[in-house]
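Inspection log for the structure reproduced underneath, given as structure tokens.
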Amino acid sequence: MMDPTFAWQPVVAVFVSAVAAILLSLTGEKRRNLRDSWTILAALIKFGAVFSMVPGVLAGETFEATLVEISPGIEFALRVDAAGILFAMSASFLWILTSFYAFGYMRGGNEVKQTRFFAMLATCLSATIGLCFSANLFTFVVFYEILSIATYPLVTHSGSDKAYAMGRQYLIYAITAGMALVAGMALVWQAAGTLEFQPGGFLDADMGTGMLWAIFLCFAIGFGVKAGVMPLHSWLPNAMIAPTPVSALLHAVAVVKAGVFGFVRLTGYTFGPELMGAIGAAAALAAFAGATILLASFIALTKDDLKARLAYSTVGHLSYIVLGIALLTPQAMLGGAYHMVTHAAMKITLFFCAGAIYVHTGKKKISQLDGIGRQMPLTLAAFTVGAVGLVGVPTVGGFISKWYLAAGAVDAGQLIFLGVFLVSGLLNAAYLLPIATRAFLRTSEDHPVRNEASPLMVVPIAVTMLLALMLGLHPDGIFQFFSIAELIVSDVTGTTFGEGGTP
Amino acid sequence: MSQIPALIPTSLLLFALVSLLVGLRSARGAQLLAVAGMLFAFGVSALGLREVAFGGDTLRYAVGNWLPPIGIEFVFDSLAAYMTTLLTFTGAVVTVYAPKALAAETDGRQGMVYPSMLLVLAGLTGMCVTGDIFNLYVFLEVAALAAYALLALGERGAPVATLRYLLFGAVGGGFYLLGVAYLYFAAGTLNMAELATLLPELQESRAVIVAAVLMVLGLAIKMALFPMHFWLPDVYTNTASVPAALIAPIMTKVSAYAIIRLWLDVFPPGFFTEGVPIAAAIGWFSAAGILYGSVLAIAQHDYRRMLAYSSVGQLGYIGLGIGLANPIAMVGALLHIVNHAFMKGLLFMVGGVIKLRTGRTRIPEFVGIGRAMPWTMVAFTIGALAMVGIPPTAGFFSKWYLLLGSAEAGAWVWFAVIVASSLLSAIYFFRVIEMIYRDPERDSAVKDREPVEADGAPVSMAVPIGIMAGGIMVAGIFNVLIVRALLESVVAPLAGGG
Amino acid sequence: MRFASILLLAAVGGFLLWGSGDLPQRGDPESPASTGISTYYIQNAYHDSDTPNMVTAVLADYRGFDTFGEAVVVTAAALSCLVILLRRRRREDGSETGVFPDLDGDAPGGAA
Amino acid sequence: MTVEFIEIARYPYILIVALLLVGLYGMTVKRNLLKKVIGMTIFQTSIYLLFIQGATKQGATIPVLDPALGNEDPTLYMNPLPQVIVLTALVVGVAITAVALSLLVLLYRRYGTLDEVELLRRMKEQAS
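Here it is as structure tokens:
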């Protein structure tokens, strides 16, 4: 089991939160400070382990750990590469913030079953990091399914009848997706005899177009559900019934990005961009993603519930990334990869704000937010930054990713998608900015004095806001996200980027 | 010549006899003896398993020193070792679990139950180790007769269901015996190894064809292969928890094992696929059974009845592996025998705990059990996830091998059936999970339902349940070890296109 | 239902007869069963087990394990009958549905 | 094939199959459980007969050593093996019948009827 190249960092990074989940369920509800310290400890260790691998990955090293042979010829193995570390960095960093935020949220709202909540959250993180570092499709699918199932108790957390109804819908989508993945994986094994991810893909055209399309369809359903590509998206807004930290971390970052990340692995490491283009699968994916971006934005406009509006915004922005991947040009892929990080930072800020407003004032509807900026100026300032970033205004991270996405669309000669990006930018502005103006410019008797939410919630909000700003001002300044994104694209397409991200 | 193959069933028989004598006085003593007997047989099986897996040789034992084909031969190869280890393990776990549930559900005479359990195990292990087709019939009926007694325990409807099972089982046994007669008169011997050398010349004989069909049909009835399953739901629903937990996981599987044994080691290679399309027929019936069982399981309100229909579906997986007739699918079928034994054993044992502590068996009444007995319900959740086929539980891997097998065979209908059935089983198991964790205090939809106020499972029941749950995980993560050490050699005959 | 059963039975019968076409003729001394292992039994039974009755020799010696199994079957059946019938007397609740006055009168369940 | 069906030397098979069908008919069509058990024993008996008729050899005697005949020529004795099988199978059959009958006794005591449809109805009633 201990081969010479066995690296501990990925193993620690993946399993530390699973251990924490067990420890904190044993600790129980009574000793909640001890219980919560397990979460923080695990989050810090996890981030440390992930971060310690960044320099190595940028230097071209890979960290591998083969754990056990799990099916003849298939190993349960972890391998850290650029794509994995990008997603793992954003997820594990945001978990630290989300943990603090969640303590504030759960204690502030006096929620029950907190132990189960934190245990499941930790399990989800294990699964997320696990699928980041999966060396092959099989390991990926194992973690993907664990992630699906572990999210279920979080969705139904409130225990209300509605929560169970939504949970049921979530499960049906998730299990269908899981089975589609398993079926696709069986087909890949039948066609290729291997499941090992390889930059540039390992399937080739002589497997037959029919087979390749069957594989693609299985995976498109499997990942499309999580990534919220229409028409497979409808579980995502409904899953917002979960507590806000869950919506923030899982339904804006970990779970949904797992689907998007699946598309990265599918396009870049299973099919390979050339094959995706050759059989026309990329075009089909791009068409669905493009339609999703516009439709989701329109639907978001009609929602008065803050979390629902953010949820539809998430559906749209996930498809930005999918579209970036499906356009297959290096710039578009770079934009997509970078958008994974920037969207995570911006959207989690927005969700954190929504949660803080709800816990602090009990308000959920946008129409009730008149003048709330006077009461919670910091929170709403952060909200404004996130909103502006999603629209794509420079200085916030969203601008950079959108820039490359748009440039990629031009490269691909697909001007229609350039149009999609521009129109959706306007729509983003239309559904997000009014919230900020309403909060700051209108007045209301409800919010007379300045009175922020608990620091446990405000500090994480501030940190994520700063992260979103940093990502726009100095793309490489913090955790070298941009360099990693470049590395992914050069892994997959063989294109190397010069200074400033031009190929 | 090794003693191991003979030692397994005979030691169980001996313990059965002693525990019967003790059981007349003390149920406790009978139980201890039963546990000891099962553990002894398990130990012997495990020793044999080690020898077979690492020594590589098949262990043979000629009863009474009469070399086959004069006498009866016991053959302990990888497949037999695999089965007996599983059977004795499950038996030991259920016997440890038994006393509290039996005391609650059966009215006296528990001392008689343990010898019956040992006899069931003796019969089943005997079926696995014997190398003689008639001796297999004798053991088949030993197991069946002891099982009838166990199954007739329990609720008031149990004897009706058991009698129907008995009648139908007698037809199954009769068909098998009829097949033995045809085979004997066509070939002139009862020894499996000798039959294997004689039958290739007799492939064209109509008598051999009829014999094969009859034997498989008889075993399929005992296996409850759709559409010959109809005795099963009533039996599992009405019987007490302990017999259900003992018989549901293993009994039907041994008949499946016997079919596989006949196919691989008695009839010539290719006979079941090309000579007579028995494999394909089993496959199609199984595929129908998977869908039928899963759909009907969704419709059930009684927990045990749901499990029974789910068994009909799960047995279909084993049948499907037989039907696909390629090595990887057969590995899936054999692996599913173990997986399903663990899963169903666990689920029925959990049902027994719930019934013991709350007296409830209907799923809508399970509200709030998750809070009353959290750890038992964690184990239940593991079992349920395994039934659905979520990795890395064991249930996933058998389905995975079956999927690979059907992809290899190009059997896309069966491929789709396997995929669809996972979704169906998710529906009926998550319905239970949801009900278990619902909280009547905060949930308007169930607020008029009485929440469960109960203690957790007693230690003597919690430990076996925990062992089964652990077994599910271990068998999942380390399935390759099982496959490499035992199953690959078993399915090797299929590799040559047979 | 009855018609379907009869049809099914006819199919079974036809199938069995079809297969019996390749079974040896009645009394054929050359049949596989008559020339197979039974030859050994006939020739050696007396020598091996000192008993003139070959059936006894096969039953109790060569295939003694079958006979042992047979004994086990009887034990199992006896035990089963015991479990099934004795249980009745221990029933305390003497409950309601469909219990007719007992035929042999020794079971308290019906009366209580 | 059709010729063989009516060939006179096949008459034992025809009779045995007929008996077997009688037994199966009783088991499938009759509603009374006792009659089903009777059908079961008939069915089992037909299988024993199949074994026994296969043991015969033309011109052979029973498989008991006759000093006058010696034990060298196997054609002089009938095949002992099927007889052994029948002895064993017969006991198994008796055992099954015994258990079936004890179940019948239990059922009759409990329900006062042996009609299958009625019993199934009551079983469902009790389950719900």
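Protein sequences appear in the order of chains A, B, C and D. Taking the working numbering, the leading residue of the first sequence gets 6, the next gets one more, and so forth. Taking the working numbering, the leading residue of the second sequence gets 108, the next gets one more, and so forth. Taking the working numbering, the leading residue of the third sequence gets 20, the next gets one more, and so forth. Taking the working numbering, the leading residue of the fourth sequence gets 271, the next gets one more, and so forth. Beta carbons: idealized from backbone N, C-alpha and C, even for Gly.
C-beta contact flag for residue i and residue j at 8 Å
i	j	result
Ile-154(A)	Ile-425(B)	no
Gly-130(B)	Pro-222(B)	yes
Met-450(B)	Ala-493(B)	yes
Leu-102(A)	Val-364(A)	no
Pro-60(A)	Arg-121(A)	no
Val-299(D)	Leu-374(D)	no
Tyr-204(B)	Pro-571(B)	yes
Pro-356(B)	Val-236(B)	no
Counted within 10 angstroms of its Cβ, other Cβ atoms place residue i as buried (16 or more) or exposed
i	result
Pro-242(A)	buried
Val-566(B)	exposed
Leu-420(A)	exposed
Asp-343(D)	exposed
Ala-210(A)	exposed
Ser-312(B)	buried
Asn-456(A)	exposed
Leu-492(A)	buried
Asn-38(A)	exposed
Tyr-281(D)	exposed
Where residue i falls: helix, strand or coil (DSSP)
i	result
Asp-80(C)	helix
Arg-464(B)	helix
Asp-184(B)	coil
Lys-118(A)	coil
Glu-201(A)	strand
Ala-406(B)	helix
Pro-49(C)	Sequence inspection shows Glu at residue 49(C); the Pro mentioned does not correspond to that position. In this structure, Glu-49(C) counts as coil in the three-state DSSP scheme.
Phe-81(A)	strand
Arg-301(D)	coil
Ile-483(A)	coil
Ala-70(A)	strand
Lys-369(A)	coil
Residue i at chain D interface by Cβ criterion, 8 Å
i	result
Phe-337(B)	no
Tyr-535(B)	no
Asn-586(B)	no
Ala-30(C)	no
Ser-68(C)	no
Short CB-CB distance (under 8 Å) between residue i and chain C
i	result
Val-267(B)	no
Lys-306(D)	no
Gly-171(B)	yes
Thr-311(D)	no
Ile-317(D)	no
Tyr-255(B)	yes
Ile-284(D)	yes
Closer than 8 Å to chain B by CB, residue i
i	result
Thr-181(A)	yes
Met-125(A)	no
Gly-83(C)	yes
Gln-353(D)	no
Ser-76(A)	yes
Arg-109(C)	The pLDDT assigned to Arg-109(C) is 41, lower than 50, so where the model puts this residue is not dependable, and the model offers no usable value.
Gly-33(C)	no
8 Å Cβ cutoff, residue i in contact with chain A
i	result
Arg-545(B)	yes
Taking a cut of 7 Å between CB atoms, which residues from the region 288-300 of chain B lie near chain F?
Although the question refers to chain F, the structure presented lacks it and instead comprises the protein chains A, B, C and D.
Counting only runs that start and end within the region 211-290 of chain A, where is the beta strand (DSSP E) found for 3 or more residues in a row?
Correct list: empty.
Complete beta strand (DSSP E) runs within the region 281-357 of chain B (minimum length 3 residues, chain order)
List check, beta strand (DSSP E) in window: nothing returned.
In the region 417-485 of chain A, which residue ranges form an unbroken beta strand (DSSP E) of at least 3 residues, counting only runs that do not cross its ends?
Uninterrupted beta strand (DSSP E) stretches at least 3 residues long and entirely within the region 417-485 of chain A do not occur.
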